[in-house]
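Peer 1: The structure's right below; bear with me while I get my questions together.
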Amino acid sequence: MRITIVGCGYVGSALASHWHQQARHWLRVTTTREERLRELAPLADAVQRLDAADPDQLRQALETTEAAVFCLAPGGSRQVDADGYEATYLRTMEAVAAVVPQLPELQQLVYTSSCSVYGEATGLVEEDTHPKPREPHAQILRDAEDLLLACRSPHRRVAIARLGAIYGPGRELEPRFRSLAGSRRKGDGSSLISWIHRDDVVATLDWAVEQGFDGLINLVDDEPISVRELIDRSCHAAGLEPVIWDGDNERVANPAAERRISNRRLRELGLSLQHPRLRILAA
Ligand SMILES: NC(=O)c1ccc[n+]([C@@H]2O[C@H](COP(=O)([O-])OP(=O)(O)OC[C@H]3O[C@@H](n4cnc5c(N)ncnc54)[C@H](OP(=O)(O)O)[C@@H]3O)[C@@H](O)[C@H]2O)c1
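Numbering (the working numbering), first residue to last: 18 to 300.
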């Protein structure tokens, strides 16, 4: 198959590396930065510099492609800035919608969205739970999903994976949380977070392309974990001062703080996770 990965950062590079090692597909990857062309060259058959929000550049990248995987995210300080999200996700999906009618060979679009689209949703959250984005940037992700879903046709499948927070090699959790040792924090840390290991993201995207999956899938591990447990156990394991929690029960103040993202569909589809639970250093 001829595949293009648009956005080759943490996830995109790992996916490219996986496919390149398999040597079963012809692979193109993209970057917005001239200086990354050389770094990415060993991962693919072709590397293209492009801003995915530019329809002409995007059409060129996807011209002979059968499957496109969109793993892009705003970089640097724009990480959770609504303007950066709009410029990256919305403009890109508008460009996709504009060019797909001219790309008859393109049979599948795969996109890594986020569980943040569920926002205010409470309780057990499945793929058919109505998303209620809370922050402007989450609403943008939701709008981007809709633009992509509108590209579906009898000849073109659209797969959207809603990811939990990603961790893995180079993005380990413990150093992030240890830096909070001894600090005083608002709330009681009872908010739950769903995580997913980078290698499980790669395996699921690979599966989605191989199977020609069409639909939505939550991509989270089996058990969400509270912020408090993560921080306390990380600090304890490192012999550091504990964090002082001095606020109200977060789940009372915000019912969405105790929502559980379900990965039941993932399991029903026969997918298994290499990292079904977060491994935290012994408490
Ligand atoms: N990180 C998380 O915890 C998390 C949670 C939920 C969902 N997700 C989703 O998972 C996906 C992968 O995340 P990641 O952590 O791998 O992201 P990342 O490491 O930040 O990489 C994103 C890549 O997107 C590229 N990019 C940015 N703007 C672009 C544009 N206009 N056109 C083309 N490419 C562009 C960048 O390429 P260059 O720098 O090479 O130009 C960058 O390498 C994203 O879609 C993200 O929204 C992530």
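Glycine included, every Cβ here is placed at the ideal spot set by N, Cα and C.
Starting from the N-terminal side, write out each stretch of the beta strand (DSSP E) that is 3 residues or longer and does not extend beyond the region 94 to 141.
Peer 2: 125 to 131
Peer 1: Should Ser-30 be labelled buried (16 or more other beta-carbon atoms within 10 Å of its own) or exposed?
Peer 2: Result: buried.
Peer 1: Is Ser-30 helix, strand or coil by DSSP?
Peer 2: Looking at Ser-30 - three-state DSSP - the assignment turns out to be helix.
Peer 1: With a cut-off of 8 angstroms on the beta carbons, I'd call Gly-185 and Arg-215 a contact; round off their distance for me.
Peer 2: Between the beta-carbon of Gly-185 and that of Arg-215 there is about 3 angstroms, and that keeps the pair under the 8 angstroms contact cut.
Peer 1: Determine contact between the region 284 to 300 and the region 204 to 221, defined as no fewer than three beta-carbon pairs at a distance below 8 angstroms.
Peer 2: yes
Peer 1: My guess is that Pro-148 and Gly-136 are in contact by the Cβ rule of under 8 angstroms, so how many angstroms apart are they, rounded?
Peer 2: Taking 8 angstroms as the upper bound for CB-CB distance, Pro-148 and Gly-136 are in contact here, some 6 angstroms apart.
Peer 1: Taking the beta carbon of Pro-171 as the centre, do at least 16 other beta carbons fall within 10 Å, making it buried, or is it exposed?
Peer 2: exposed
Peer 1: Tell me, which residues are paired with Ser-170 by DSSP?
Peer 2: Arg-173
Peer 1: Please name the residue, chosen from Ala-115, Asp-263 and Val-175, that lies closest to Ser-130 on a Cα-to-Cα basis.
Peer 2: Val-175
Peer 1: Would you check if the distance between the CB atom of Pro-118 and the CB atom of Val-134 is smaller than 7 angstroms?
Peer 2: Between Pro-118 and Val-134, the C-beta spacing is not below 7 angstroms.
Peer 1: Can you tell me which residues form a DSSP beta bridge with Ala-84?
Peer 2: According to DSSP, which records beta bridges pairwise, Ala-84 is partnered with Ile-20 and Gln-125.
Peer 1: Below 8 angstroms CB to CB, which residues in the same chain sit around Asp-263 once its five sequence neighbours on both sides are set aside?
Peer 2: Arg-201, Arg-202 and Lys-203
Peer 1: Where does Arg-50 sit, in a helix, a strand or coil, going by DSSP?
Peer 2: coil
Peer 1: Report the partner residues of Gln-65 according to the DSSP bridge assignment.
Peer 2: Thr-47
Peer 1: State whether the region 119 to 129 contacts the region 223 to 243, with contact taken as three or more CB pairs (one from each stretch) at a distance under 8 angstroms.
Peer 2: yes
Peer 1: Quick check: is any heavy atom of ligand 1 less than 6 angstroms from the C-beta of Tyr-27?
Peer 2: yes
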